[in-house]
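A.B. asks: Position one of the sequence shown corresponds to residue -10 (our numbering), numbered consecutively onward.
We put the CB at the ideal spot given by N, CA and C, even for glycine.
Nothing here was measured: the structure is a model prediction, and the numbers come from that model.
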Amino acid sequence: MPDSQPQPHSSGSSGSSGSAGASGEDAADATALHLCGARLTDGRTVDVRLGSGRIEAVGTAGSLTSHAPRVDLGGYLLLPAAAEPHAHSDTALSADAEGPVSYELADVQRRTTEAALLQLGHGATALRSHVRIGDVQGLTSMEAVLQARRSLRGLVDLTAVAVPRLLTGIAGADGLSMLRDAVKMGASVVGGCPDLDPDPTGYVEAVLEVAAEHGCPVDLHTDGGDPARLGRLAAMAGGLRPGVTIGPCGGLGRLPSDVAARTADQLAAGGVTVVCLPQGGCGSVDRRGAVAPVRLLRAAGVRVAAGSGAMRDVSNPVGRGDPLEAAYLLASRCGLHPEDAYGSVSAAARAAMGLPQVRVEAGFPAELLAVRGDHLAGALSLAYSRLVVHRGRVVARTSAVREYCDSAAAVALDLPRQGRSKDAGPGRPKGLEPS
-10 MPDSQPQPHS SGSSGSSGSA GASGEDAADA TALHLCGARL TDGRTVDVRL
40 GSGRIEAVGT AGSLTSHAPR VDLGGYLLLP AAAEPHAHSD TALSADAEGP
90 VSYELADVQR RTTEAALLQL GHGATALRSH VRIGDVQGLT SMEAVLQARR
140 SLRGLVDLTA VAVPRLLTGI AGADGLSMLR DAVKMGASVV GGCPDLDPDP
190 TGYVEAVLEV AAEHGCPVDL HTDGGDPARL GRLAAMAGGL RPGVTIGPCG
240 GLGRLPSDVA ARTADQLAAG GVTVVCLPQG GCGSVDRRGA VAPVRLLRAA
290 GVRVAAGSGA MRDVSNPVGR GDPLEAAYLL ASRCGLHPED AYGSVSAAAR
340 AAMGLPQVRV EAGFPAELLA VRGDHLAGAL SLAYSRLVVH RGRVVARTSA
390 VREYCDSAAA VALDLPRQGR SKDAGPGRPK GLEPS
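Here you go:
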């Protein structure tokens, strides 16, 4: 495979010529970064030069020149960053709360920020959070999440989905009004739980109407156990752009195989994306342990992404919010190939969220995740040490040190360990300076 070459800048400084060296540009670009010795999933060991939030060049190790800060990624596998398409940051980290969960603005903003940073550390540089509106929360939780989004800018991209409880009948009038208000506030996606409304079809129609009014994507919670309802949803979703996402659809896996296959064909025809939650459910529409039939859906042509769902709230008090764990479960429980499993939390997740594609090639956004390991299956199994790049900048690192006591068994087996480097510090890639 030929090495990627840097793409020309769309604009340059006046007076510069095409013969100007790349090193001069790097010296003037405070965002430039040089990743050295990373391994790709195709087995190559490469250097990667970043600048202005994008990948400028990818070449064989030692082939690129640059005056930019260098990060030694020897021993690391370099991947497109993960994305989180189904978070619940307003309730995250609330499982251990004493008494009722607080929905005061400051408390929700703190939980949202802490959860987002934890997920960023796992490798997700973009998050989509489903935020409940109405009931006791009103629009306070939405306001808190949007404030957290502003404070996190430059570290992680956070978008909010407005999730009203009811949208039909007299009781739903307030919810419909609040849904429109949430979009005006800054919610960029409209969603909800049609299964909980007395008129699920009417609920979906109301959501699609608001989405069409504002040009917003749709992201709905559904168990997916009613094939007729899913078929109607797929038919209604067919003409909507920028698109419709549903999940977690665990109930679809409990249907007879022929019924599930027909429903999957309908979803594919309607262009509906399914986000499954292999780590567990996220509310009353889910049944613990049920996972959407990802292989059947993929075979039908449905885009399938994977999310984390609940993160240490009452729905899943041990939820980690780790996209690599979701990929691991898709591989171990659902039989996906490791590359397909990781694609569900990276490429497919980004596509579901309307984000640009990322590949470790010149010209693509510098949204990257380096995981200690030399192949993807091993990284999904033992992904302890990680380094995360967002918009071309190192924004998070997690370093783990594995050590064994001196023993004949350890020496004889030459057990793998992540050593300590006097240059890099415990678990830190050599040459990595705080960004």
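1. When you compare only the Cα positions, how much space is there between Cys205 and Gly362?
2. Suppose you measure from the CA of Ala439 to the CA of Arg375; what does that come to, to the nearest Å?
3. By DSSP, does Thr190 sit in helix, in strand, or in coil?
4. Give me whichever residues DSSP pairs with Cys25 in a beta bridge.
5. If we ignore side chains and look at the alpha-carbon of each, how far apart do Ile159 and Leu229 end up?
6. Please report how far the alpha carbon of Gly13 lies from the alpha carbon of Arg380, in whole angstroms.
7. Report yes or no: do the stretch 76 to 92 and the stretch 333 to 351 share at least 3 C-beta pairs separated by less than 8 angstroms?
8. Have a look at Ser177 and Met131 and give me their C-alpha separation to the nearest angstrom.
9. Does DSSP classify Arg287 as helix, strand or coil?
10. Starting from the C-beta of Arg292, find all residues in its chain whose C-beta is less than 7 angstroms away, skip the five residues before and the five after it, and write them out in chain order.
11. With Ser335 and Ala72 assumed to form a contact (beta carbons below 8 angstroms), what rounded beta-carbon distance in angstroms separates them?
12. What are the start and end residues of the alpha helix (DSSP H) that includes Ser321?
13. For Gly63, is the classification buried or exposed, using 16 other Cβ atoms within 10 angstroms of its Cβ as the cut-off for buried?
14. If you check the beta carbons only, do Val37 and Leu319 fall under 9 angstroms apart?
15. Could you give the first and the last residue of the continuous alpha helix (DSSP H) run that contains Leu168?
16. May I ask you to verify whether the stretch 102 to 117 touches the stretch 142 to 149, counting CB pairs closer than 8 angstroms and requiring at least 3?
17. So what's Asp79 in DSSP terms, helix, strand or just coil?
18. What first and last residue would you give for the alpha helix (DSSP H) that runs through Glu328?
19. At 4 residues or longer, what runs of the alpha helix (DSSP H) sit wholly inside the stretch 335 to 392?
20. CB-CB under 7 angstroms to Ala368, same chain, minus the five flanking residues each way: which ones, in chain order?
21. Going by DSSP, name the residue or residues bridged to Leu66.
22. Candidates Thr129, Ala70, Pro69 and Cys323: which alpha carbon is nearest Asp96's?
23. Here's the rule: buried if 16 or more other CB atoms are within 10 angstroms of the residue's CB, otherwise exposed. What is Ser91?
24. Can you tell me where the alpha helix (DSSP H) holding Asp36 begins and where it ends?
25. Assign Gln268 to buried or exposed, taking buried as 16 or more other Cβ atoms, counted over all protein chains shown, within 10 Å of its Cβ.
26. Below 8 angstroms, is the gap between the Cβ of Gly270 and the nearest heavy atom of the ligand ATP?
27. Among Glu202, Val199, Gly260 and His203, which has the Cα closest to the Cα of Leu219?
28. Gly259 bridges to which residues according to DSSP?
29. When the Cα of Pro237 is compared with those of Gln255, Gly343, Asp208 and Arg251, which residue comes out closest?
C.D. replies: From the atom records:
1. Here residue 205 corresponds to residue number 216 of the sequence shown, with the count starting at 1. Here residue 362 corresponds to residue number 373 of the sequence shown, with the count starting at 1. Spanning the two alpha carbons is a distance of roughly 39 angstroms.
2. This structure does not reach residue 439, given that the chain is present from -10 up to 424, and the question cannot be answered.
3. As a first step, residue 190 must be located in the sequence shown, where it is residue number 201. Look at Thr190 here: in three-state DSSP terms it is helix.
4. By 1-based counting over the sequence shown, the position of residue 25 is 36. In DSSP, Cys25 forms a bridge with Asp61.
5. To locate residue 159, count along the sequence shown from 1; it is residue 170. To locate residue 229, count along the sequence shown from 1; it is residue 240. One alpha carbon belongs to Ile159, the other to Leu229, and they sit about 27 angstroms apart.
6. Sequence index remark: in the sequence shown, residue 13 carries index 24 (1-based). Sequence index remark: in the sequence shown, residue 380 carries index 391 (1-based). For Gly13, the predicted model reports a pLDDT of 43, less than 50, meaning its position is unreliable and no value from the coordinates is stated.
7. Taking 8 angstroms as the limit for Cβ pairs, the verdict is that the stretch 333 to 351 does not touch the stretch 76 to 92.
8. Your numbering for residue 177 matches position 188 in the sequence shown. Your numbering for residue 131 matches position 142 in the sequence shown. Computed Cα separation, rounded: 11 angstroms.
9. Residue mapping note: residue 287 aligns to position 298 of the sequence shown, counting from 1. For Arg287, the secondary structure class from DSSP, reduced to helix, strand or coil, is helix.
10. Translated into positions along the sequence shown, residue 292 becomes position 303. Around Arg292: Thr262, Ala337, Ala340 and Ala341.
11. Position 346 of the sequence shown, counted from the start, is the residue given in the question as residue 335. Position 83 of the sequence shown, counted from the start, is the residue given in the question as residue 72. Yes, Ser335 and Ala72 are in contact; Cβ-Cβ is about 7 angstroms, under 8 angstroms.
12. Translated into the one-based positions of the sequence shown, residue 321 becomes position 332. From DSSP, the alpha helix (DSSP H) with Ser321 extends over Pro312 to Cys323.
13. Taking the first residue of the sequence shown as position 1, residue 63 is located at position 74. Exposed is the call here.
14. For the purposes of this step, residue 37 is taken as the residue at position 48 of the sequence shown. For the purposes of this step, residue 319 is taken as the residue at position 330 of the sequence shown. Taking 9 angstroms as the Cβ cut-off, Val37 and Leu319 do not qualify as a contacting pair.
15. By one-based count along the sequence shown, residue 168 stands at place 179. Boundaries of the alpha helix (DSSP H) around Leu168: Gly158 to Met174.
16. In this structure the stretch 102 to 117 lies against the stretch 142 to 149, because at least three pairs of beta carbons, one per stretch, are closer than 8 angstroms.
17. Your numbering for residue 79 matches position 90 in the sequence shown. If DSSP states are grouped into helix, strand and coil, Asp79 belongs with coil.
18. Stepping through the sequence shown from its first residue, residue 328 is reached at position 339. Pro327 to Val334 is the span of the alpha helix (DSSP H), which, as asked, contains Glu328.
19. Runs of the alpha helix (DSSP H) inside the stretch 335 to 392: 336 to 341 and 365 to 370.
20. Counting from one through the sequence shown, the residue named residue 368 turns up at place 379. Cβ within range, chain order: Leu66, Val360 and Gly362.
21. For the purposes of this step, residue 66 is identified with residue 77 of the sequence shown, where counting begins at 1. BP columns for Leu66 point to Arg28 and Val360.
22. For the purposes of this step, residue 96 is taken as the residue at position 107 of the sequence shown. Nearest C-alpha to Asp96: Thr129.
23. Counting from 1 along the sequence shown, the entry for residue 91 is found at position 102. Per the 10 Å Cβ criterion, exposed.
24. Reading the sequence shown from its first residue, position 47 is the one you call residue 36. It is not in any alpha helix (DSSP H) - Asp36 instead sits in the beta strand (DSSP E) that spans Thr34 to Gly40.
25. Counted from its first residue, the sequence shown places residue 268 at position 279. Under this definition Gln268 is a buried residue.
26. Only the bare structure without any ligand can be found here, which leaves the ligand ATP out of the picture.
27. Residue mapping note: residue 219 aligns to position 230 of the sequence shown, counting from 1. Leu219 has its Cα closest to that of Gly260, out of Glu202, Val199, Gly260 and His203.
28. Position 270 of the sequence shown, counted from the first residue, corresponds to residue 259. DSSP lists no partner for Gly259.
29. Locating residue 237 in the sequence shown gives position 248, counting from the first residue. The shortest CA-to-CA distance from Pro237 to any of Gln255, Gly343, Asp208 and Arg251 is the one to Asp208.
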